[in-house]
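*Asks:* Once you've had a glance at the structure underneath, I'll fire off some questions.
2 protein chains.
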Amino acid sequence: MGKKNKQFVENVTAMEDDFARWYTDVVKQADLVDYGPVRGTMIIKPDGFAIWENIRDELDRQIKATGHSNVSFPLFVPERLLQKEKDHVEGFAPEVAWVTHGGEDKLAERIAVRPTSEALFSDYYSKNIHSYRDLPMLYNQWANVVRWEKTTRPFLRSSEFHWQEGHTAHATDADASEETDRMLGVYADVVENYLAIPVYKGRKTDKEKFAGAKYTLTIEALMHDGKALQSATSHHFGSGFAEAFDITYLDENGESQFVHQTSWGLSTRIMGALIMVHGDNRGLVVPPQIAPTQAMIVPVAQHKEGVLDKAYDLRDEMKDLVRVGIDASDKKPGWKFNEYEMKGIPVRIEMGPKDIEKDQVVLVRRDTGEKEFVARTDLEARLPVLLDEIQQNLFDKALAHRVEKTSVATDMDEFKQTLDQKSGFIKAMWCGDMSCEEKIKEDTGATSRLIPFEQESIADTCVCCGKEAKELVYWAKAY
Amino acid sequence: MGKKNKQFVENVTAMEDDFARWYTDVVKQADLVDYGPVRGTMIIKPDGFAIWENIRDELDRQIKATGHSNVSFPLFVPERLLQKEKDHVEGFAPEVAWVTHGGEDKLAERIAVRPTSEALFSDYYSKNIHSYRDLPMLYNQWANVVRWEKTTRPFLRSSEFHWQEGHTAHATDADASEETDRMLGVYADVVENYLAIPVYKGRKTDKEKFAGAKYTLTIEALMHDGKALQSATSHHFGSGFAEAFDITYLDENGESQFVHQTSWGLSTRIMGALIMVHGDNRGLVVPPQIAPTQAMIVPVAQHKEGVLDKAYDLRDEMKDLVRVGIDASDKKPGWKFNEYEMKGIPVRIEMGPKDIEKDQVVLVRRDTGEKEFVARTDLEARLPVLLDEIQQNLFDKALAHRVEKTSVATDMDEFKQTLDQKSGFIKAMWCGDMSCEEKIKEDTGATSRLIPFEQESIADTCVCCGKEAKELVYWAKAY
Ligand SMILES: [Zn+2]
Ligand SMILES: [Zn+2]
Chain A
1 MGKKNKQFVE NVTAMEDDFA RWYTDVVKQA DLVDYGPVRG TMIIKPDGFA IWENIRDELD
61 RQIKATGHSN VSFPLFVPER LLQKEKDHVE GFAPEVAWVT HGGEDKLAER IAVRPTSEAL
121 FSDYYSKNIH SYRDLPMLYN QWANVVRWEK TTRPFLRSSE FHWQEGHTAH ATDADASEET
181 DRMLGVYADV VENYLAIPVY KGRKTDKEKF AGAKYTLTIE ALMHDGKALQ SATSHHFGSG
241 FAEAFDITYL DENGESQFVH QTSWGLSTRI MGALIMVHGD NRGLVVPPQI APTQAMIVPV
301 AQHKEGVLDK AYDLRDEMKD LVRVGIDASD KKPGWKFNEY EMKGIPVRIE MGPKDIEKDQ
361 VVLVRRDTGE KEFVARTDLE ARLPVLLDEI QQNLFDKALA HRVEKTSVAT DMDEFKQTLD
421 QKSGFIKAMW CGDMSCEEKI KEDTGATSRL IPFEQESIAD TCVCCGKEAK ELVYWAKAY
Chain B
1 MGKKNKQFVE NVTAMEDDFA RWYTDVVKQA DLVDYGPVRG TMIIKPDGFA IWENIRDELD
61 RQIKATGHSN VSFPLFVPER LLQKEKDHVE GFAPEVAWVT HGGEDKLAER IAVRPTSEAL
121 FSDYYSKNIH SYRDLPMLYN QWANVVRWEK TTRPFLRSSE FHWQEGHTAH ATDADASEET
181 DRMLGVYADV VENYLAIPVY KGRKTDKEKF AGAKYTLTIE ALMHDGKALQ SATSHHFGSG
241 FAEAFDITYL DENGESQFVH QTSWGLSTRI MGALIMVHGD NRGLVVPPQI APTQAMIVPV
301 AQHKEGVLDK AYDLRDEMKD LVRVGIDASD KKPGWKFNEY EMKGIPVRIE MGPKDIEKDQ
361 VVLVRRDTGE KEFVARTDLE ARLPVLLDEI QQNLFDKALA HRVEKTSVAT DMDEFKQTLD
421 QKSGFIKAMW CGDMSCEEKI KEDTGATSRL IPFEQESIAD TCVCCGKEAK ELVYWAKAY
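Chains A and B, in that order, give the protein sequences.
Note that full-length UniProt numbering has the first sequence beginning at 1, numbered continuously upward.
Note that full-length UniProt numbering has the second sequence beginning at 1, numbered continuously upward.
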């Protein structure tokens, strides 16, 4: 067991040695993803997809609960539609995969494999919205999109990825603002309460906003290596797309008005955050709320009479209470322990002849490694509570890490020094000029992550140029 | 009310007059689908997508219950992979949409937008299957695929469609056979018991089988116009793909063996069957098992005091029992009646001041139009039973139609005459020669739909050439 144990962890680079390799190793060893044959594409394997399904199902529930309907729009966007909104096409054209042939025939017009679907929804809205009675239109779709990226990494940046994209049209700018806020709130809830990842909420600078948006709201999380990851975004378009696509409605006075639109998305990128926030050198750690298997029963000395029967009884008793699995294969318990630690299953339930004698089981937490002996009669009460404790502990640990890694800087020396020594988020005042933003990026590698909703006044002057400060910004190196 | 009523049905061509136009009208008026901007693509609207979600959820449940795991494989297939299995590429190459550029750059190799994913799964299996311990490998994915069709119709034949595609690898031919049968059984269960569509089960002829398959199993349904629709297929590949992709495993004796594969799919095409089996001149009819809304409450004289309150009370009482909606908009009841008939909602619940006085509601069945007065105290017991009755009645009606439209022919005159006069399925004996199959198609327009599992001996000789008959075949004109 000791040897196997060591062997297993040998396949995973320690995160302190090489975080990027640790990430790739965990993704591979935890059986989440494999590479597809076309550069930058990924195969999401059963264990990876089951986690994504749980995230998707909860988010889908909340999207529907906030009044949205699921739809399915096409994969293909004609080039002429993509070109209608100037900022939008400029932002996306460099990464578009182009279809030029159907069967043997060359197409009259190139077709984009959707990098995102604003153009398609806007085209649809222009034909289907007539009156204020048609508003708001609240659509969402779960879809695959393609962006031809130069460098790719599983989940974090892949040529094809999965996401949901909400697209809505409203009568007024204020209605669209409310929607933009509401959906950022939904994302924050799912990411904090289900993925156990604390997020900062705020607005992107104009430099970092979505191509074509009036403004973009974002939630940003901190990875274990001190880099930030944009976890979901919610865009307010004002009437930019409406003007480009001529989307108008007759208001209650019979006057023609442009609609005001939003879009918002959360993608399989969040799987990367999950790995990089909770994972450790033994592998993945999955928060109980979204774990496909919350507790795995590993029988010990299962060849001894009665052990397997009791283990299956246990499974049957627990299965309506928690998502429970059992590994009754002939592999050694030590192998199984390592395997399910690597896969990040929140709780291991060990049961051997001695435990059966004492009418108890052993619970082992994935997050802390702590062992706990629980009487069989107490298990039904204890196990759900333990899962809640693990969920809370994962969030608390991530929050403590973020507190530790969130610093303040009032001048560039302090900014650089803190970033070098501590990494993480740097809170610093900004004058609002894009040139300062660009200079900071060039000098330090950090980008503006967000202008937090909760503003503080740290200093009166811009951290970069020393002119009058307008806003507090959170800066970080980012994925 | 009478006028609106008439207006509404005026938008739908009578199916007796022009079935194809009736279909298109219903698809449009019931708000299921709109056309995408690229030829042959479709936008599935909220009401259409909600039905598909219910079909998907039930099928997904059964796919998981039979031991399969969901995965996600890429949208893109390199041309060289598609070409590995000769029959397969010949079958699909003419309908492939080709990606030739990524951003500004021309790609070194053309990439196919997947028309189906056998090549991708086979490539993966060749790298990931080593030992008999790895088998069976039981994967499924829900995905969009693209086939560049010349003529397209919503759901029935679209350039892009949604489906699930199962891909499995097994140690033996017999194991793969069992799997092929099992999944056809799952499809038959979902289509018959959830979509209320009776199906014939059998095997495709070699001419009609999937490109690259050893054999294809199929379920075939009869549409209202007497044409057949292939509703789902399950393919046994033998070791054809295994040989082309070099997918081998070491058996228990340490000898290298080819795996045996299957694939099976059900697509959004089934939505077309749903419409054409149950629909009528008043619109769509959705079986209760998959209806997003099973009962719609329409308050009558809702401006009168207490009516709306009572209607909402009713909704609240019913909402844990059935999927219930309420339309409290200021549209006229007559408009609402027509609207929800068009959308195919199984039961309408009317409630006006008189009903409130008598402490009753009026239930109106979509399938028969029958009205039923039910005391409020009996509703909780009655409504679920009524939904079951509607589900059963839809199946029974479709079955009776199929019985009426399934005929026998022993020579080509009879074949042609029956097909002309009655349409539907023709049961006729076949010698097994593809030339007879081709001749029948050419002379009558009917294709071999399946070689039924339940064989009968109708005659000793082939209906076409008069030589010795080998098998009974069901023939029909088909979508
Ligand atoms: Zn400045
Ligand atoms: Zn013949």
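Where is the CB? At the ideal position from N, CA and C, for every residue including glycine.
Could you pull out every residue in the same chain whose Cβ sits closer than 7 Å to the Cβ of Gly2 of chain B, ignoring the five residues on either side in sequence?
*Replies:* Numbered from its first residue, the second sequence carries residue 2 of chain B at position 2. Legend: pLDDT at Gly2 of chain B = 39, less than 50; position of this residue unreliable, value from coordinates given subsequently. Closer than 7 Å at Cβ, skipping near neighbours: no residue.
*Asks:* Taking the C-alpha atoms as reference points, what is the distance between Ala469 of chain B and Phe161 of chain B?
*Replies:* As a first step, residue 469 of chain B is located in the second sequence; it is residue number 469 there, counting from the start. As a first step, residue 161 of chain B is located in the second sequence; it is residue number 161 there, counting from the start. Distance between the alpha carbons of Ala469 of chain B and Phe161 of chain B: 38 Å.
*Asks:* For ligand 1, which residues have a Cβ under 7 Å from at least one heavy atom, in chain order?
*Replies:* Listed along the chain, these residues meet the criterion: A:Trp430, A:Cys431, A:Asp433, A:Cys436, A:Cys462, A:Cys464, A:Cys465, A:Lys467.
*Asks:* Name the two residues that bound the continuous beta strand (DSSP E) containing Pro136 of chain A.
*Replies:* Mapped onto the first sequence, residue 136 of chain A falls at position 136. Taken as a continuous stretch (DSSP letters only), Pro136 of chain A belongs to no beta strand (DSSP E), as it is neither H nor E.
*Asks:* Which residues of the region 11 to 34 of chain A have a Cβ closer than 8 Å to any Cβ of chain B? Give them in chain order.
*Replies:* Of all residues in the region 11 to 34 of chain A, Asp34 have a Cβ within less than 8 Å of some Cβ in chain B.
*Asks:* For chain B, check one thing: does any of its Cβ atoms lie closer than 8 Å to the Cβ of Tyr312 of chain A?
*Replies:* Within the first sequence, residue 312 of chain A is the residue found at index 312, counting from 1. Closer than 8 Å: no.
*Asks:* Taking His88 of chain A as the reference, which of A:Met15, A:Ala14, A:Phe237 has the closest Cα?
*Replies:* As a working mapping, residue 88 of chain A is identified with position 88 in the first sequence. For His88 of chain A, the nearest C-alpha among the options comes from A:Phe237.
*Asks:* Quick one: which chain A residues come within Cβ less than 8 Å of Glu160 of chain B?
*Replies:* The residue you call residue 160 of chain B lines up with position 160 of the second sequence. Chain A residues near Glu160 of chain B: Pro74, Leu75, Phe76.
*Asks:* Can you tell which of A:Asp173, A:Asp57, A:Val473 has its C-alpha closest to the C-alpha of Cys431 of chain A?
*Replies:* By one-based count along the first sequence, residue 431 of chain A stands at place 431. For Cys431 of chain A, the nearest C-alpha among the options comes from A:Val473.
*Asks:* Using the C-alpha atoms, what's the distance from Ala228 of chain A back to Ile197 of chain A?
*Replies:* Stepping through the first sequence from its first residue, residue 197 of chain A is reached at position 197. Stepping through the first sequence from its first residue, residue 228 of chain A is reached at position 228. Spanning the two alpha carbons is a distance of roughly 12 Å.
*Asks:* What residue range is occupied by the uninterrupted alpha helix (DSSP H) comprising Met318 of chain A?
*Replies:* Taking the first residue of the first sequence as position 1, residue 318 of chain A is located at position 318. First-last of the alpha helix (DSSP H) with Met318 of chain A: 307 to 318.
*Asks:* Can you give me the start and stop residues for the alpha helix (DSSP H) that Glu53 of chain A sits inside?
*Replies:* Here residue 53 of chain A corresponds to residue number 53 of the first sequence, with the count starting at 1. Segment 46 to 65, the alpha helix (DSSP H) holding Glu53 of chain A.
*Asks:* With a CB to CB cut of under 8 Å and the five nearest residues on each side skipped, what residues in its chain are close to Asp181 of chain B?
*Replies:* Numbered from its first residue, the second sequence carries residue 181 of chain B at position 181. Hits under 8 Å: Leu217, Ser234.
*Asks:* Looking at the unbroken beta strand (DSSP E) that takes in Phe373 of chain B, where does it start and where does it end?
*Replies:* Indexing the second sequence from 1 puts residue 373 of chain B at position 373. Segment 371 to 375, the beta strand (DSSP E) holding Phe373 of chain B.
*Asks:* Going along chain A in order, which residues have a C-beta closer than 7 Å to the C-beta of Phe49 of chain B?
*Replies:* Here residue 49 of chain B corresponds to residue number 49 of the second sequence, with the count starting at 1. Those are Asn70, Val71, Ser72, listed as they occur along chain A.
*Asks:* Going along chain B in order, which residues have a C-beta closer than 9 Å to the C-beta of Tyr340 of chain A?
*Replies:* Counting from 1 along the first sequence, the entry for residue 340 of chain A is found at position 340. Within 9 Å Cβ-Cβ: nothing; Tyr340 of chain A doesn't reach chain B, min ~17 Å.
*Asks:* Taking 8 Å as the CB-CB cut-off, is Ile290 of chain B touching chain A?
*Replies:* Position 290 of the second sequence, counted from the first residue, corresponds to residue 290 of chain B. Output row for Ile290 of chain B: interface = no.
*Asks:* Can you tell which of A:Glu192, A:Ala381, A:Gly226, A:Phe245 has the C-alpha that lies nearest to the C-alpha of Ala169 of chain A?
*Replies:* Counted from its first residue, the first sequence places residue 169 of chain A at position 169. Ranking A:Glu192, A:Ala381, A:Gly226, A:Phe245 by Cα distance to Ala169 of chain A puts A:Phe245 first.
*Asks:* What are the start and end residues of the alpha helix (DSSP H) that includes Trp22 of chain A?
*Replies:* Along the first sequence, one-based indexing puts residue 22 of chain A at 22. That run of the alpha helix (DSSP H) goes 19 to 29.
*Asks:* Taking one C-beta from the region 409 to 418 of chain A and one from the region 351 to 367 of chain A each time, how about it: are there three or more such pairs within less than 8 Å?
*Replies:* Contact fails: fewer than three Cβ-Cβ distances are below 8 Å.
*Asks:* Between the Cα of Gln141 of chain A and those of A:Ser329, A:Lys28, A:Arg61, spot the shortest distance and give me the residue it belongs to.
*Replies:* Taking the first residue of the first sequence as 1, we reach residue 141 of chain A at position 141. Ranking the options by Cα distance to Gln141 of chain A, first place goes to A:Arg61.
*Asks:* Output needed for Glu149 of chain B: all residues of its chain with C-beta closer than 8 Å, excluding positions within five of it in sequence on either side, in chain order.
*Replies:* Position 149 of the second sequence, counted from the first residue, corresponds to residue 149 of chain B. Counting only Cβ-Cβ distances below 8 Å, and skipping sequence neighbours, we find Gly40, Glu95, Arg157, Ser158, Ser159.
*Asks:* Quick check: the Cα distance between Glu109 of chain A and Trp98 of chain B, rounded to an integer number of angstroms?
*Replies:* Position 109 of the first sequence, counted from the start, is the residue given in the question as residue 109 of chain A. Position 98 of the second sequence, counted from the start, is the residue given in the question as residue 98 of chain B. One C-alpha to the other measures close to 13 Å.
*Asks:* Residues of the region 83 to 106 of chain A with a CB closer than 9 Å to any CB of chain B: list them in chain order, please.
*Replies:* If the cut-off is 9 Å between Cβ atoms, the region 83 to 106 of chain A has Ala93, Pro94, Glu95, Val96, Ala97, Trp98, Val99, Thr100, His101, Gly102, Gly103, Glu104, Asp105 near chain B.
*Asks:* Against chain A, with Cβ distances strictly below 8 Å, would Lys4 of chain B count as a contact?
*Replies:* As a working note, residue 4 of chain B is residue 4 in the second sequence. Low per-residue confidence applies at Lys4 of chain B: pLDDT is 41, beneath 50, and the placement is therefore not dependable, though the value from the model is reported in the following sentence. By this cut-off, Lys4 of chain B is not an interface position.
*Asks:* Where do the N-terminal and C-terminal ends of the alpha helix (DSSP H) with His278 of chain B fall, by residue?
*Replies:* As a first step, residue 278 of chain B must be located in the second sequence, where it is residue number 278. Counting along the chain, the alpha helix (DSSP H) containing His278 of chain B begins and ends at 269 to 278.
*Asks:* Mind checking if Tyr125 of chain A is an interface residue toward chain B, Cβ cutoff 8 Å exclusive?
*Replies:* The sequence position of residue 125 of chain A within the first sequence is 125, counting from 1. Answer no: the Cβ-Cβ gap between Tyr125 of chain A and chain B never drops below 8 Å.
*Asks:* Please report how far the alpha carbon of Tyr139 of chain B lies from the alpha carbon of His167 of chain B, in whole angstroms.
*Replies:* Walking along the second sequence from the start, residue 139 of chain B turns up at place 139. Walking along the second sequence from the start, residue 167 of chain B turns up at place 167. Between Tyr139 of chain B and His167 of chain B, the C-alpha separation is close to 5 Å.
*Asks:* Please name the residue, chosen from B:Met434, B:Arg203, B:Thr461, that lies closest to Ser231 of chain B on a Cα-to-Cα basis.
*Replies:* For the purposes of this step, residue 231 of chain B is taken as the residue at position 231 of the second sequence. Ranking B:Met434, B:Arg203, B:Thr461 by Cα distance to Ser231 of chain B puts B:Arg203 first.
*Asks:* Within 10 angstroms of the Cβ of Thr377 of chain B, are there 16 or more other Cβ atoms? Answer buried if so, exposed if not.
*Replies:* Numbered from 1 along the second sequence, position 377 holds the residue referred to as residue 377 of chain B. By the 10 Å Cβ count, Thr377 of chain B comes out exposed.
*Asks:* Nearest by alpha-carbon distance to residue 490 of chain A: which of B:Gly272, B:Lys127, B:Met223 is it?
*Replies:* Here chain A covers residues 1 to 479 and nothing more, so residue 490 of chain A does not appear.
*Asks:* Taking residue 492 of chain A as the reference, give the member of A:Lys84, A:Gly67, A:Phe453, A:Asp47 with the closest Cα.
*Replies:* This structure cannot speak to residue 492 of chain A, because chain A is shown only from 1 to 479.
*Asks:* State the Cα-Cα distance for the pair Ala328 of chain B and Thr268 of chain B, rounded to the nearest angstrom.
*Replies:* By one-based count along the second sequence, residue 328 of chain B stands at place 328. By one-based count along the second sequence, residue 268 of chain B stands at place 268. Near 32 Å, if we compare the C-alpha coordinates of Thr268 of chain B and Ala328 of chain B.
*Asks:* Considering just the uninterrupted stretch of the alpha helix (DSSP H) at residue 482 of chain B, what are its terminal residues?
*Replies:* In this structure chain B extends from 1 to 479, so residue 482 of chain B is not present and cannot be described.
*Asks:* With a threshold of 6 Å on Cβ separation, who are the neighbours of Thr447 of chain B within its own chain once the five nearest residues in sequence on each side are excluded?
*Replies:* For this step, residue 447 of chain B is matched to residue 447 along the second sequence. Lys441, Ala478.
*Asks:* Please name the residue, chosen from A:Asp31, A:Ala311, A:Pro78, A:His278, that lies closest to Glu192 of chain A on a Cα-to-Cα basis.
*Replies:* Counting from one through the first sequence, the residue named residue 192 of chain A turns up at place 192. Cα-wise, what sits closest to Glu192 of chain A is A:His278.
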